[in-house]
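Residue numbers (our numbering), protein chains in the order written: chain A, 690 to 1048; chain B, 690 to 1048.
Built from N, CA and C at the ideal position, the CB exists for glycine as well.
Just so you know, these numbers come straight off a predicted model, no measurement behind them.
Notes follow once the structure below has been shown.
2 protein chains.
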Amino acid sequence: MATLKEVALRAQVSTATVSKVLSNTPYVSEETRARVLRAVAELGYVPNLAARALSKGRTYIIGVVFPYNYDHLFADPLITTILEGIETVCTEQGYNVLIVTPRAPVIESAQYQRLAQSGYLDGLITIETLPDTPASTIPEQLGYPWVALGYRSALGNLNTIQSDDFAGAKEIAAYLIGLGHRHMGIITVEETDLAAAARRMSGYRSAFENAALNFDQVPCERGSFSVESGYQAADKLLARTPHPTAILCLNDRMAIGAIQRVWAAGLQVPQDISVVGFDDIPSAAYFAPALTTVRQHAEEMGERAAQMLFEIIGQRASDNRRGTTQTPSGFKPIVFPSELVIRSSAAPPPGRSLESLRR
Amino acid sequence: MATLKEVALRAQVSTATVSKVLSNTPYVSEETRARVLRAVAELGYVPNLAARALSKGRTYIIGVVFPYNYDHLFADPLITTILEGIETVCTEQGYNVLIVTPRAPVIESAQYQRLAQSGYLDGLITIETLPDTPASTIPEQLGYPWVALGYRSALGNLNTIQSDDFAGAKEIAAYLIGLGHRHMGIITVEETDLAAAARRMSGYRSAFENAALNFDQVPCERGSFSVESGYQAADKLLARTPHPTAILCLNDRMAIGAIQRVWAAGLQVPQDISVVGFDDIPSAAYFAPALTTVRQHAEEMGERAAQMLFEIIGQRASDNRRGTTQTPSGFKPIVFPSELVIRSSAAPPPGRSLESLRR
DNA sequence: TTGTACGCGTTATCAG
DNA sequence: CTGATAACGCGTACAA
């Protein structure tokens, strides 16, 4: 662990000169530059980041925050894919990624709060899966760079990257309706467990109302994201007579659970009952039947979030340079389209072929 | 962003005193302690981590390194599960996790090398999925705390956490043999792509030899981890006449691909052909047929790795305190058992019921 | 073109 | 029990 001073000693110059060489400042003679560089190489000198951070006020670390309560969030392919997108861009830009996972409600997580205020992070990207206690509140109050992925409830949507949950849900519900389904069931989650839940539900509702179907009479059960919970919820849905001919699930894992339950009843998907999901996790494509679902552009969303953050960091830096203290108004929300992926877990209801529909 | 100095000013004491109060040093009068604490609260003071790191030589950040080449490693549930285990323990211990993903061969990744030497990390956990260029080489040479998950090839296995790939592979192969299979195929990967590949292959071999079967004549195709590549590899295996009655896959995703290919041939799993995997990824349980595979204790392995790292960091610290500069010899490798998970993707070969085997 | 000297925010070592 | 003061390693005005 050689230091600047040691390099300076060896190259017979001052530490200031070494520093200048290393930061590519002009006005250094070729000769000394070469001598310094050689000393650096010989000593295997690497700048101490803690010292640099202290001096420059920049750590080149950005924090990715994902609160979790109910479930292992790392088990959610959507989250890890977003993370991958973020990580890619950060690495490109020479930034490092610190993962921050407040276990408790964000507001109560002292650890998170301290970290956010510790000056260790140049910025934060929060993955807001939960409503009510957005993790972005903290950096927002502290006035430093942040971007949120998801919904911030009543707080407005500046600096936010979202997936168009409403449109995606509406589209897939309309698709089922178009196939001829009239008796459907829904497997959702507690709205307190997923900020996007409400949007998806209103997407469904919108499709139903467009078709003059009464959404409020649609049987609706709650799961908790997992395959098992989907199984349980489907169990209740199937107990009804007549049972629904199609089930809309708020995520793919619950859809897979629901399908298991349909099988357990001795029924076929999609011949007897159609089941659709949401998210398009990797296994959705390989499940049999391959899941009809809604794709979210998770990796791109992660990348875009990181890019937005760097724009904010950059503009903040240039503001400082010219002494402007204008509070930036924030970026307009970016909404990524979500797209219906038609595979083979949905079909017209039994006794109602596509042909008959066309008549 | 209040500083120590501001707190000191407000509490009418010196910065040294504030520091003592905050680090719970005894020998501070109750009265001043209270005054300081109040000032801290009023100012919302949070220590600056960069400054603390510089002064104490400790950052409370540990790096988790996972090299990747061929594939999106974030898409590998095994890796993210390990990461989750690591993260849990680190958070408990008040450490933060920085993710480090050298894209190039580790040796050539300047970014990784610099980070490792920057003094920004208190320790490293490397996930060694690839042979030949273990990421742990760097911290090892630099002489600072590290733990490796996986295999370090010829470098020895000190400070290593492993899954018993050999035993797991042997067990699942023996299971198929026990079901009566005699003509099997294997879908593996390039040994340069996965350090564990060789162990699993020798596990298979061992089972075959125990049953007096010639392992070298077993048809063997290579995939590249993905579902698609499993499909392609199975394609070649099925082209043989007679085709194998069972396929051993080196991971679950390829097994799922292989099953798809079997279906495409109009055959059933496991009635016509048995297919087994390795890893027990979450979707293995929900796939239909549910995958018979080998479970690895990924989360526990991650947790154990973090614990081992903290033991090393701790002992290093106490060595320093008493001036001992003994080079620690390192921990013995910890091998986690892997276990056969019997579900429903394997059965006796056609025309050979379990009954007939017992005769 | 180069060097001096100070500041960044903490911790730690001493005197007092 | 408390308070100066010196590190920690780097960046950077400012001076030379």
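Closest by C-alpha distance to Gly-812 (chain B), out of B:Val-878, B:Tyr-784, B:Thr-714, B:Ser-918, is B:Tyr-784. About 19 Å separates the Cβ atoms of Ala-947 (chain A) and Ala-896 (chain A), ruling out a contact at the 8 Å cut-off. Boundaries of the beta strand (DSSP E) around Val-753 (chain B): 750-754. For Thr-770 (chain B), the enclosing alpha helix (DSSP H) covers residues 766-781. At a cut-off of 4 residues, the continuous stretches assigned as alpha helix (DSSP H) that sit fully inside the stretch 849-925 of chain B are 854-868, 884-899. Using a Cβ-Cβ cut-off of 7 Å, Ala-977 (chain B) is close to Ala-977 of chain A, given in chain order.
A Cβ of chain B is located within less than 9 Å of the beta carbon of Ser-972 (chain A).
Separation of the CB atoms of Leu-726 (chain A) and Val-710 (chain A) is rounded to 7 Å, and the pair is thereby assigned contact status at 8 Å. Beta-bridge pairing by DSSP links Arg-984 (chain A) to A:Asp-968, A:Glu-1028. Contact of Pro-933 (chain B) with chain A is not assigned, every C-beta pair being separated by 9 Å or more.
Leaving aside the five residues that flank Glu-989 (chain B) on each side, the residues in its chain whose CB is nearer than 8 Å to its CB run, in chain order, Gly-774, Phe-1025.
The way I'd put it, the stretch 863-873 of chain A doesn't touch the stretch 834-842 of chain A; fewer than three beta-carbon pairs between them come closer than 8 Å. Among the bridge pairs identified by DSSP, Trp-835 (chain A) is matched with A:Leu-813. For Leu-693 (chain A), the enclosing alpha helix (DSSP H) has its first and last residue at 693-700.
Taking the CA atoms as reference points, Ala-705 (chain B) sits about 17 Å from Leu-743 (chain B). Of the candidates A:Leu-738, A:Lys-745, A:Ala-944, A:Thr-748, A:Leu-738 places its Cα closest to the Cα of Gly-746 (chain B). At a cut-off of 9 Å, the C-beta of Trp-835 (chain B) has no neighbouring C-beta in chain A.
Taking the Cα positions, Thr-721 (chain A) is about 51 Å away from Ile-1023 (chain B).
Ser-798 (chain B) and Cys-779 (chain A) have their alpha carbons spaced roughly 15 Å apart.
Neighbours of Gln-906 (chain B) in chain A, taken as residues whose beta carbon is under 7 Å from its own, are absent, since the nearest beta carbon is some 31 Å off. When the alpha-carbon of Arg-699 (chain A) is set against those of A:Ala-730, A:Gly-991, A:Ile-796, the nearest one is in A:Ala-730.
Here the stretch 964-981 of chain B lies against the stretch 936-947 of chain B, with 3 or more beta-carbon pairs under 8 Å apart. For the pair Val-907 (chain A) and Ile-875 (chain A), the CB atoms are nearer than the 9 Å cut-off.
For Asn-737 (chain B), the chain A residues whose Cβ falls inside 7 Å of its Cβ are Ser-807, Gly-808, in order along the chain. Cβ-Cβ separation between Thr-881 (chain A) and Pro-828 (chain A): approximately 23 Å, too far for a contact (criterion under 8 Å). Annotated three-state conformation of Leu-939 (chain A) is coil, per DSSP.
Scanning chain A for C-beta atoms nearer than 9 Å to the C-beta of Val-795 (chain B) yields nothing, as the closest lies near 14 Å away. Trp-952 (chain B) counts as exposed, since fewer than 16 other C-beta atoms from the protein chains shown sit within 10 angstroms of its C-beta.
Classified as buried, Pro-756 (chain A) has 16 or more neighbouring CB atoms from the shown chains inside 10 Å of its CB.
Taking a beta-carbon distance threshold of 9 Å, Pro-1022 (chain A) does not count as an interface residue toward chain B. Look at the beta carbons and you see the stretch 990-1008 of chain A not touching the stretch 960-979 of chain A: under three pairs across the two are nearer than 8 Å. The Cβ atoms of Val-735 (chain A) and Met-690 (chain A) lie closer than 9 Å to each other. Assignment of Ser-963 (chain B) by DSSP, reduced to helix, strand and coil, places it in the strand class. Only those residues of the stretch 762-790 of chain A whose C-beta falls short of 8 Å from the nearest C-beta of chain B are listed: Phe-763, Ala-764, Pro-766, Thr-769, Thr-770, Leu-772, Glu-773, Glu-776, Thr-780, Gly-783, Asn-785, Val-786, Leu-787, Ile-788, Val-789, Thr-790. The beta-bridge partner set that DSSP reports for Leu-787 (chain B) consists of A:Leu-787, B:Gly-752.
One finds nothing in chain B with a Cβ atom closer than 7 Å to the Cβ of Gln-996 (chain A); even the nearest lies about 18 Å away.
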